[in-house]
Structures are given as structure tokens and as C-alpha cells.
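In what follows, a structure is listed as C-alpha cells, so that the remarks can point back to it.
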Amino acid sequence: MSNKPLMDDIYAPPRDIPFISDRQIAQPVALNKNLPPPLPPKPERGTLYVPAKPEELMRDIASAKSFPIVPNYEELHEENAGIGKEVPCRVPQEMNFVVNPVILPIPLVDFPVITKDDAVAAFRNYVASKMCWEHSFTQNLLVLAVDLRIFFHPQDEMSYCYKITLDNYYESRSAMWQESRLSTAPLSPLGAGPCPHPWELPFSAPTPFTDRKESLSVPYTDVVRPCSFCMGKGRSPCSACRGSGSAPCSQCRGDGAPCSACGGTGRVYCTECQGLGDVNCERCEGRGKMKLEVVVTSECRTSTFSSTIERGGLTKEYLSLLEGKQVYCVQGQRLEEGDSFYDNAVNQAVREVLEQAQRVVSEYEVVCHQQMLTVSIIPIRILQCQSGEYQFSVSVFDNDRKVFCPDYPVQKCGVWKNLSSSCSIL
């Protein structure tokens, strides 16, 4: 060690101190030397604790994954149904099995008839009501032989269109979790008794073909859980002061001017929360807990399937607007076709609507309580008319003698003769 560390007012370190390096020189690893075991892999998620946000806590409390599994209502857990989310209830197979279905009987149909004179009179009145039509063609009108190829009976001069309607009265039931406030009424806790099946609940008997919606609470499904709005605290931030306990001064409006109301601070005592910054939770009324129960909703609706058999040149869109004459009506819990009509087209249409109704039962969780089949007939009288050198056809149909004449010779007159537009034919 040198005895003279300072020379010429400049500090110089002693020269007899051995040099020690902070870094160690890496030595080559021998081939026969065993390497240390590898480090374990790092976890995918860090171990640091991050407090959850209030909305995350609310979501965890209201999540269906944390709800208990209720017997006979496992679909709520399978569908992860939260509060207010309806889940269809499964229908037992025996409920859609009918022992004695109603086989459609053979109808006794009184076919309405439109005479030739009635058809001609209706056509002339129809043309007279058209101001832009040429009326002289009806003065020397000649009715030719009727085209019998489109008729139901070759010897008859009448043709008939059919409207087949099948009304089905379906009931569906759905279950959901419902949250409500705790009250003084006794609870029906989960596990205290057997939970009835959703299709065993005593709903009121519905009136056939009348829409109805009714809800019932399932016994022995009550669960007490923390309120999802205040996260079980029973208190929520005051909306008037936004949780600060003080509100802006209404006199000086917080501009910093001398004020006797707030003393120049710009804020006054919040009267809504008494300066606490929070109030009782509106949802749970300060209790911090809510009652959770399973509620089943029964909904009855009428679903209609229809089919039309068009004849006489009338389209299905136009036939759907007509009333016709109802000649057949059968009602029962389950209807089965049996080739009841003499017209094979009607039997095929009835078979199709019954298959559509059965397809709904097989594809959806519904129960069919009642079916009603109605068949209406629309009479049609077709006239092949000639007036001078013009020939055209006229269809007179329905109970009120509507007229369909798309190829009337002249549908414009006067100043409209040279125009290409024409009046409506219906």
C-alpha cells in the first residue's frame, strides 16, 4: 500500500491493489460434462393479482355458470341462460301421442251454382261501372258454348276453386331465471322438495284458438344470492353528486366568487345522500341480496296452414282474398286424412297441410292441443262471349258475383283511344 495517495493535488489510485474484474471469463464446457436441467416453462398467466372491475364482478354474479343446477330444468345450465333469458322446455314424447285421432269424414257438400243469366247480368253491370270501357259490346253480346276442359264435371257448366285451411293450436313452455326483491313471504328454497316438471305445472286450461300467455313460479327453486347491481353491498353511488357527497352550488355555480351559500368553495352539501356519496341500492332496497327463482311461461298460439286449388284462370294470390262458401269443418285434437273428398286434388291438399302441422310438432318443443280443418268453395262460371268480330272470356265467381275479364276488347274510349294505357280490370 502506498503511503502517498495524493500527488500534485491529483488523486491516483494505489498501484499495488490487485485488479478484480466484475465479469467472469466464460470457460469452455467439456463434452463429457453434465449440463444443468432445463428451467420449467413459464406459466401462461402471471401470478400478479389484478382486482376485478365493478362490471366484471356484476357479470360474475349474474352469470348463469354460477347458478345451481335445478332438477328437471337442466337446460338452463346447458344453455348458460342468464337472468331473463328464456329456454324452451323439452316436451315428453307421450304428450304428443293421441290414442284416438279423428279421421276426416266424407262431406255432404251443397255446391253453390251461378246461373248463366246471373253471370251475364253481373258482367253487364260490371262493364257499365267502367267509365273508360266501350259499352256497346254488351248490347249485342252472344254467349258461346262453354269450354268444358277446365270443369270439374264435363257435363256441368260450373267450375269450383277450393280453399283449404288448417288451424293448429300449439302450446310451448319456456323456463328462465327471474330475480326479485326479498320480502316477508316465506321462501321455497331449492332442495326442500321435488321440483315439478315444467309440463306438470297447473296452468289454466286454454280456450282453443285463443292466444294466451301465462307465467308461474316453480316451487322449491328459490335461491338467495348477492345483488348483481350493487355487488352485495346494499349501497350504490349517488346519482345526484356522482358519489362525491357534495353538489355544485346553485347560486354561484362554482365560479369562485364570494358566496354565502357555499362559502366560496363552489360546492354544497348533497341532500340526496346526506353527504355520504352513496344511497341504498334501488334494486335490492339496501339488503344486498336478491331472490332468484325459476319461472315457466306457457304461451298458446294458433298457427294456420292453407292451400288453394285454382281453376278458371284465377291465381292463388287472388283466391286468398276471396271468402267463398264454407262447406266443410272438422275439429279434433288430432286429425288424419282418409281420402274423404271426391276430388283427388282436394285430398292431396289436405294431406299436405296435415304433414306441415306434424312437422312443426316434430321439429319444435310444442304440444298440439286442437286442430280444425275448413274447406271453402268458390264457384266460377266462365262465359265464352262474342260481340261482332271480337271474342273474349268472362269469369264470374264468388258469392257476390265478382267479374274477371282481362281480354275485354276495348278498355279505353274518348280522348284515351290513342293512348296505350288502359283501365284496371279488377
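At position 378 of the sequence shown (counting the first as 1) the number is 378 in UniProt numbering, and the numbers step up by one without a gap. We put the CB at the ideal spot given by N, CA and C, even for glycine.
Any idea what DSSP makes of K163, helix, strand or coil? Reduced to three states, the DSSP call for K163 is strand.
So Y126 is in the alpha helix (DSSP H); what residue range does that whole segment cover? Residue range 116-128 is occupied by the alpha helix (DSSP H) that includes Y126.
Secondary structure of R351, DSSP reduced to three states: In the structure shown, R351 sits in a helix (DSSP, three-state: H, G or I).
Please name the residue, chosen from G277, T315, T210, that lies closest to Y162 on a Cα-to-Cα basis. With distances taken between Cα atoms, Y162 lies closest to T315.
Beta-carbon proximity of Y170 to V366, cut-off 8 Å: Taking 8 Å as the cut-off, the beta carbon of Y170 is found closer than this to the beta carbon of V366.
Minimum C-alpha distance to I377 - residue among K213, T165, K233, E214: Closest by alpha carbon: T165.
What is the residue span of the alpha helix (DSSP H) that K316 lies within? Run containing K316: 316-319, per the alpha helix (DSSP H) assignment.
Chain-order list of residues whose beta-carbon lies under 6 Å from that of E86 (same chain, five-residue window excluded): Within the same chain, E86 has close Cβ partners S174, M176.
Quick check on N280: does DSSP put it in helix, strand or coil? Strand at N280.
Where T308 falls: helix, strand or coil (DSSP): Assignment of T308 by DSSP, reduced to helix, strand and coil, places it in the strand class.
From what residue to what residue does the alpha helix (DSSP H) around N214 run? The sequence shown places Glu at residue 214, not Asn. Careful: E214 lies outside any alpha helix (DSSP H), inside the beta strand (DSSP E) at 212-217.
Cross-strand partners of A247 (DSSP beta bridge): In DSSP, A247 forms a bridge with V268.
Which residues in the same chain as G234 place their Cβ atom closer than 8 Å to its Cβ, once the five residues preceding and following it in sequence are excluded? Short of 8 Å from the beta carbon of G234, and not among the five residues preceding or following it, lie these beta carbons of its own chain, in chain order: C227, N280, C281, C284, G286, R287, G288.
Which first and last residues belong to the beta strand (DSSP E) in which L383 is found? Taken as a continuous stretch (DSSP letters only), the beta strand (DSSP E) holding L383 covers 367-387.
Exposure label - R242; buried when at least 16 CB within 10 Å: Taking a 10 Å sphere around the C-beta of R242, we find fewer than 16 other C-beta atoms and assign the residue as exposed.
Can you find the residues in the same chain that come closer than 8 Å, C-beta to C-beta, to E56, ignoring five residues on each side of it along the sequence? A caution first: E56 carries a pLDDT of 47, below 50, which makes its placement in the model too unreliable to give a value.
Distance check for S303 and V410, CA to CA, integer angstroms please. Between the C-alpha atoms of V410 and S303 there is a straight-line separation of about 45 Å.
C-alpha gap between Y269 and G245, whole angstroms: Their backbone Cα atoms lie some 7 Å apart in a straight line.
Can you give me the C-alpha to C-alpha distance between G388 and F209, rounded to a whole angstrom? Approximately 55 Å between the Cα atoms of the pair.
Taking DSSP's pairing of strands, which residues face Y169 in a bridge? T302, Q370.
Looking at the strands, I want to know which residues DSSP matches up with Q391. When DSSP reads this structure, Q391 sits in a beta bridge with Q386.
Just to confirm, are L104 and E336 a CB contact at a threshold of 8 Å? Their beta carbons are under 8 Å apart, which means L104 touches E336 by this criterion.
Which partner residues does K289 have in the DSSP bridge list? Checking the DSSP bridge columns, you'll see K289 partnered with P226.
Three-state secondary structure assigned by DSSP to Q326: Strand at Q326.
I believe L292 touches V361 by the beta-carbon criterion, under 8 Å. Please report the beta-carbon distance rounded to the nearest angstrom. With 8 Å as the limit, L292 and V361 do not qualify as a contact, their Cβ atoms being about 33 Å apart.
Using DSSP with H/G/I as helix, E/B as strand and the rest coil, what is E336? If DSSP states are grouped into helix, strand and coil, E336 belongs with the strands.
Inspect the beta-carbon positions of N399 and E310 and report whether they are closer than 8 Å. In this structure, N399 sits away from E310, with a CB-CB distance that is not shorter than 8 Å.
Count the other CB atoms within 10 Å of the CB of Q391; is the residue buried (16 or more) or exposed (fewer)? Here Q391 is exposed, its C-beta having fewer than 16 other C-beta atoms within 10 Å.
Residues in the same chain with beta-carbon distance under 6 Å from L216, minus the five sequence neighbours each way, listed in chain order, please. Cβ within range, chain order: L201, V296.
Who pairs with L182 in a beta bridge, going by DSSP? Per DSSP, none; premise fails for L182.
Whole-angstrom distance between C230 and V307, CA atom to CA atom: Note on identity: in this sequence residue 307 is Ser, with Val being the wrong assignment. As the crow flies, the alpha-carbon of S307 is around 56 Å from that of C230.
Is the beta carbon of C300 sitting closer than 8 Å to the one on R212? Yes. Within cutoff.
Can you give me the start and stop residues for the beta strand (DSSP E) that P237 sits inside? It spans 235-237 - the beta strand (DSSP E) in which P237 sits, taken as one unbroken run.
How far does the alpha helix (DSSP H) with E74 in it extend, from its first residue to its last? Where E74 is concerned, the enclosing alpha helix (DSSP H) stretches over 74-78.
What does the alpha-carbon distance come out to for the pair E94 and D343? If you take the alpha carbons of E94 and D343, they lie about 35 Å apart.
Roughly how many angstroms lie between the CA atoms of A128 and T138, to the nearest whole one? Approximately 9 Å, taken between the alpha carbons.
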